[in-house]
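S.K.: Provided herewith is a single structure, encoded as structure tokens, for subsequent inquiry.
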Amino acid sequence: MQGIDLERADHGLLDDLRIVATPAARGLSQLVLRTDVAGMPLEWIDYKEAARLYHQEQVAYTCGSLLYELYGGVNARTGRRTVLEVNSIVATVGHTGNPGNTRHDYVPPLNNQTLFRRDAYLCMYCSQRLSSRELSRDHIRPFSQGGTDVWTNVVASCRRCNNQKASRTPEQARMQLIAVPFTPTYAEYIFLKGRRVLADQMEYLVAHFPRSSPLHDRIRAYLS
Ligand SMILES: [Zn+2]
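So the sequence shown is residues 0 to 223, counted in numbering that gives the first Met the number 0.
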């Protein structure tokens, strides 16, 4: 990996570093899935971060498909241009600082993007599939009745159902949830957070979901 000046790349001085995205990457914004050395999913990183990990010799092995080729400077000794290949999944050694990886009771942060993805963009009352713009976060047990803003008390809901339910529980409003809300595991959360998850990355992440994960069926339904 010698020859690629990552310090300069960090500062946006990429003139002597040529990056080629393969067709699989469909552009430079495709993120790479980073895992620990045991293969546990950790985070999404961009190609620069991936290149830095290679440079620091933290990459233990790679999986998935080739996404980027980074052509560095010409090695003065050999006269050859260095090239670094970055795959869609890289396993890394060393300290991770990832709480989800070590703590069993880890609860990922709740936000609408991952919530709507958890619920497969379906209104959990009328099962209509909508865009994230048309969905809202419904509190199953409303705040006014002691409900809290946690994964197991929230679902994606269309505005109509949300308005109809108002400050009532589903029982009080005589409305039924189509699925039980759940707290994602860390691997599920990484999947839900992915902006564009490639088929090989998805397959990798799905293999780390609990066997009982509702996401297995939802992904299957979504792909069919
Ligand atoms: Zn609805």
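Beta carbons: idealized from backbone N, C-alpha and C, even for Gly.
Only a predicted model underlies this, so the values are computations on that prediction, with no experimental measurement involved.
#1: May I ask you to report which of helix, strand or coil DSSP gives TYR120?
#2: Between which two residues does the alpha helix (DSSP H) holding ASP199 run?
#3: Leaving out five residues before and five after SER126 in sequence, what residues of the same chain have Cβ atoms less than 8 Å from its Cβ?
#4: Is the beta carbon of VAL89 less than 8 Å from the beta carbon of ALA50?
#5: Three-state secondary structure (DSSP) at PRO22?
#6: If you follow the beta strand (DSSP E) that HIS138 is in, where does it begin and where does it stop?
#7: Inspect the beta-carbon positions of CYS122 and LEU129 and report whether they are closer than 8 Å.
#8: Can you look up THR77 in the DSSP assignment and give me helix, strand or coil?
#9: By alpha-carbon positions, which one of ALA75, ARG33 and ALA155 ends up nearest to SER87?
M.R.: If we stick to the structure as given:
#1: For the purposes of this step, residue 120 is taken as the residue at position 121 of the sequence shown. Three-state DSSP puts TYR120 in coil, outside helix and strand.
#2: Counting from 1 along the sequence shown, the entry for residue 199 is found at position 200. Here the alpha helix (DSSP H) through ASP199 covers 198 to 205.
#3: The sequence position of residue 126 within the sequence shown is 127, counting from 1. Around SER126: ILE177.
#4: Start at 1 with the first residue of the sequence shown, and residue 89 comes out as number 90. Start at 1 with the first residue of the sequence shown, and residue 50 comes out as number 51. Not a contact, by the Cβ cut-off of 8 Å.
#5: The residue labelled residue 22 in the question sits at position 23 within the sequence shown. Judged by DSSP in its simplified three-state form, PRO22 adopts coil rather than helix or strand.
#6: Working through the sequence shown from its first residue, we reach residue 138 at position 139. 134 to 138 is the span of the beta strand (DSSP E), which, as asked, contains HIS138.
#7: In the sequence shown, residue 122 corresponds to position 123, counting from 1. In the sequence shown, residue 129 corresponds to position 130, counting from 1. For CYS122 and LEU129, yes; Cβs fall inside 8 Å.
#8: Taking the sequence shown and counting its residues from 1, the one referred to as residue 77 is at position 78. In the three-state DSSP reduction, THR77 falls in the coil class, being neither helix nor strand.
#9: Here residue 87 corresponds to residue number 88 of the sequence shown, with the count starting at 1. Closest in alpha carbon position to SER87, among ALA75, ARG33 and ALA155, is ARG33.
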